[in-house]
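Contents: one structure, followed by commentary.
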Amino acid sequence: MTRNSKFSMGKLMIQLLCVLIGIVSLYPLVWMVASSFKESSQVFVSAHSLIPRSWDFSNYTTGWRGFAGITFGTFFKNTIIIVCSVVTGTVVSCSLIAYGFARIPFRLKGFWFGTVMLTLLLPGQIVQIPQYIIFHKLGWVNTFLPLIVPAFFGSAFFIFLLLQFIRTIPYELDEAAKIDGCSRFGIFARVIMPLITPALVTAAIFEFYWSWDNFFGALIYLGKPQLYTISVALRLFADPSSGTDWSAMFAMATLSLIPPILIFFVFQRYIVEGISTTGLKG
Amino acid sequence: MKRRLSMMMILAMACILAVAGCSGNNSAEPSETSKPTQETGSTGTPEAGGNLRVIWWGNQDRHNLTSEVLDLYSKANPGVTFTPEYQGFDGYYQKLTLLAASNNMPDVFQFYVGASDANQFIDKGLVEPLDAYIESGLIDVSEIGESTLSGGKGSDGKIYGIPLGVNARVMIIDPAAYEKVGLTIPEKGYESWEALYEDLKKLKDVTGAYGADDLFNIAFTLPYYARQFDQTVNAEGTGIGFDEKLYTDFFTYRQEWAKEGLIPKMDASMSVKNPEESFLVKGQSAVMVGYTSQYPGVVKAAGRPLKMILMPGPNSEKAMDVRPGQHFSISVSSPNKEAAAKFISYFVNDIEANKLLNANRGMPITSKVRESLMDQFDPEMKEVADYLDIVSEHSGPLDAPAPAGATEIDTLMVDLEQQIMYDQTSIHDAYEKLKKDAANIVAKHKQ
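Chains R and L, in that order, are what the protein sequence lines are.
Just so we're aligned, residue 297 is where the first sequence starts under our numbering, counting upward by one.
Just so we're aligned, residue 1364 is where the second sequence starts under our numbering, counting upward by one.
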């Protein structure tokens, strides 16, 4: 009896702690959503209150109207185009590369694999400068290309993730397929791909988040407002010298959170599955 | 943190590009690097214009209104098309640096001649001097006052930007609080700081919290305070242009008033990041200071009638100034400089265009435009216009442009301001350090 209650007491404390941490980390988000319904001038005056004095939905329409006739529809469209291309590119290229490293013997494989892993240690910021110069000389600045094309050439993190997953697949399956007359690509497409779906989904979801959030790349490569992504467009509301329509900005920020949240809830179980399986065998 | 990192990245990148650009072909056409735009640019005859790239920072209203004006201008001047690029203020100068470094400067850009961020563009010879265009009449300045125009002068005396609007410092008061205590409002501003002090003591009782918001923010008030005593914050040779007595008086007022609770203590005043968050707006103070451009926002946020009076203290006649809000400048590498100059002239002089813009970049600089806007202004904007008329009669010329390195000195002053107000150092020690370091900074930038 005593032991039992002690046990549930401990459990309760942990639960409480979790809820507390959850509240703390959710608070800024909730505050933003609440502020998106406040009148712009009230955002900071009544910053302490989460419940708006009067619910003001007009922030969403003013915000959506965007800037100079370019609505947030355009910004969402741009973001979705970029994100979808990037995700496709990442999934296709990384799975191919990972398959190559996992299954195909070739010369200096260890060296090349080491090179790929080294790029994982390289902070992205270091590459940005030479990349900008290259893209600038190619005349790609002010197009989506600098944001999309690199994704089609693999990314070390996902290559590693997928590689670890492929290694867990018994080699016998490959051999069986080979005996049945499958080509190398056939094995990849018919045997490996279906088996690594959870890892692919994980990779796709992570890439989705990262490129949805990508602010820096979009800021430097996209000059024209027609090309802006959401992350850049959200900043167009802010001007400290005259005035910032905070509620409209928060309203659009709230909208921009919907796709990632949807993706998370729909594919949540794959994320967990993908990480846990690769993590165990890694 | 993440953002700061990315800003540093842009700067680093700009530097590298600048180096790369120098070793590469210097004669590269700036427009060659930018992708051809969807607009039918550069088909017009040379004198008619071509495609103008215009870049500015601002908020939603400004982006919308400015684009409308661009369309209006294109319609009236066939052959001139625009490629607008706009963004928020954060990162604007970094972006401009990147564009400059990659030989990709826009034709017309929003700018602030005299700000230290901006000075480096002038120093590097990236900004076209406009004197020739003014002389030839391409930019019509006949309606613009000499002192307003002088705000666009660089340290070499040439005009680098045409102001898009003007601003002035203002003291905003709550008339209801004055009435409650039975004080008369000094319409022309307080004669002395002491007179203000006496009134604040009474006003404090009405609000129950403070008499005023922070009145002594060093970036805002010190330049004005120095001008009252014929001194300046920045000086070419020595870094700082004010003596120890002025610095001591300034901070003694501030410390004593804060101690008596007439103004908020440093920590409280630092929590106010926006004029809309001020104690005056919340009804916890009866007086605040700010710029005229902030007045409509403050009144809206406060939701009760407020009033503008001149800044306090002796000699406010010469200490007040009418400051340009921001400028339009032309880049040296622009292939369409004449069209750009014509456009800028239109932007500040045309009545229809300014009716659309509705003083979004500050009060229009020509009195003709200002008058034509009076009918469409909100009551608050009208008050601002009237107030600016008073200020322009009670103001001195602008300070000379800040010398190179002024940004570093400003940072240092803010640092010392906090050390003094948090009792980490004495005013005397702070002044000694400031004097020495400022001189070093200026010397360093001379080399």
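Ideal Cβ positions, reconstructed from N, Cα and C, are used throughout, including at glycine.
Treat the numbers as computed from the prediction; the structure is a model and nothing was measured.
Asked	Found
Quick check on DSSP: helix, strand or coil for Gly-1653(L)?	strand
Under 6 Å Cβ to Cβ from Gly-450(R), same chain only, skipping five residues before and after it: list those, please.	Ser-389, Cys-390, Ile-393
On a Cα-Cα basis, can you pick out the residue from Leu-443(R), Ser-527(R), Gly-306(R), Ile-455(R) that is closest to Gln-427(R)?	Leu-443(R)
I need the straight-line Cα distance from Ala-1722(L) to Gly-1528(L), nearest angstrom please.	7 Å
With distances taken Cα to Cα, identify the nearest neighbour of Pro-1668(L) among Lys-1551(L), Tyr-1475(L), Glu-1542(L), Ser-1789(L).	Glu-1542(L)
Determine the burial state of His-344(R): buried for a count of at least 16 other Cβ atoms within 10 Å of its Cβ, exposed for fewer.	exposed
For Trp-378(R), which residues from the same chain have a beta carbon less than 7 Å from its beta carbon, with the 5 sequence-adjacent residues on both sides left out?	One detail in the question is off: residue 378(R) reads as Ile in this sequence, not Trp. Taken in chain order, the residues that qualify are Phe-440, Leu-443, Ile-444, Ser-507, Thr-525.
Considering Met-1534(L), what are the terminal residues of the beta strand (DSSP E) in which it resides?	1529 to 1536
Output yes if chain R places a C-beta closer than 7 Å to the C-beta of Asn-1427(L); else output no.	yes
My output table needs one value for Ala-1495(L): the three-state DSSP class, helix, strand or coil.	helix
If we define contact as Cβ-Cβ less than 7 Å, is Thr-540(R) a contact residue for chain L?	yes
Considering Cα atoms alone, identify which of Ala-398(R), Gly-410(R), Glu-335(R), Phe-353(R) is closest to Thr-464(R).	Ala-398(R)
I believe Phe-1583(L) touches Leu-1609(L) by the beta-carbon criterion, under 8 Å. Please report the beta-carbon distance rounded to the nearest angstrom.	Between Leu-1609(L) and Phe-1583(L) the Cβ distance is about 16 Å, and since that is not below 8 Å, they are no contact.
List the residues of chain L whose Cβ lies closer than 8 Å to the Cβ of Lys-373(R), in chain order.	Those do not exist, as Lys-373(R) stays about 16 Å from chain L at its closest Cβ, beyond 8 Å.
By a C-beta neighbour count over all protein chains shown, 10 Å radius and 16 as the cutoff for buried, is Phe-402(R) buried or exposed?	exposed
Would you call the stretch 1736 to 1746 of chain L and the stretch 1563 to 1579 of chain L touching, i.e. three or more CB-CB distances under 8 Å?	no
Does the beta carbon of Asn-1699(L) come closer than 7 Å to any beta carbon on chain R?	no
Give the residues of chain R in contact with Gly-1454(L), contact being defined as C-beta atoms less than 8 Å apart.	Leu-515, Arg-531
For Glu-1308(L), name the three-state secondary structure that DSSP assigns.	Summary: the structure shown does not reach residue 1308(L), with chain L confined to residues 1364 through 1810, and so no result is reported for it.
For Ile-483(R), collect the residues of the same chain with a Cβ closer than 6 Å to its Cβ; drop the 5 residues on either side in sequence, then sort them by chain order.	Asp-470, Ala-473
If we ignore side chains and look at the alpha-carbon of each, how far apart do Leu-346(R) and Glu-1640(L) end up?	17 Å
In angstroms with no decimal places, state the Cα-to-Cα distance between Met-328(R) and Tyr-1750(L).	37 Å
Could you check if Val-315(R) is buried or exposed, using at least 16 other CB atoms within 10 Å of its CB as the buried criterion?	exposed
If we ignore side chains and look at the alpha-carbon of each, how far apart do Val-487(R) and Leu-459(R) end up?	15 Å
Runs of 4 residues minimum, wholly inside the stretch 442 to 510 of chain R: which ones carry the alpha helix (DSSP H) assignment?	452 to 463, 467 to 475, 493 to 509
Pairs of beta-carbons, one from the stretch 1436 to 1443 of chain L and one from the stretch 347 to 362 of chain R, closer than 8 Å: are there three or more?	no
Identify whether Lys-1863(L) lies in helix, strand or coil by the three-state DSSP scheme.	Here chain L comprises residues numbered 1364 to 1810, so residue 1863(L) is not present and cannot be evaluated.
Within 7 Å of any Cβ in chain L, is that where the Cβ of Asp-535(R) sits?	yes
Do you know how far the Cα of Thr-1611(L) is from the Cα of Pro-1399(L)?	Per-residue confidence for Pro-1399(L) stands at a pLDDT of 38, beneath the threshold of 50, marking its modelled position as unreliable; the derived number appears in the next sentence. Near 58 Å, if we compare the C-alpha coordinates of Thr-1611(L) and Pro-1399(L).
At 8 Å on the CB atoms, spell out the chain R contacts of His-1514(L), in chain order.	The sequence given here has Gly at residue 1514(L), not His. Residues of chain R passing the Cβ test: none, with the nearest at roughly 15 Å.
Roughly how many angstroms separate the alpha carbons of Thr-1547(L) and Gly-519(R), rounded to a whole number?	54 Å
So, for Gln-564(R): in the same chain, excluding its five sequence neighbours on each side, which residues have a beta-carbon less than 7 Å away from its beta-carbon?	none
Taking all protein chains shown into account, decide if Tyr-1523(L) is buried (16 or more other Cβ within 10 angstroms of its Cβ) or exposed.	buried
What would DSSP say about Ile-400(R), mapped onto helix, strand or coil?	coil
Among residues of its own chain, excluding the 5 on either side of Lys-1796(L), which ones have a beta-carbon nearer than 6 Å to its beta-carbon?	none
Which of the three DSSP states, helix, strand or coil, is assigned to Phe-1614(L)?	helix
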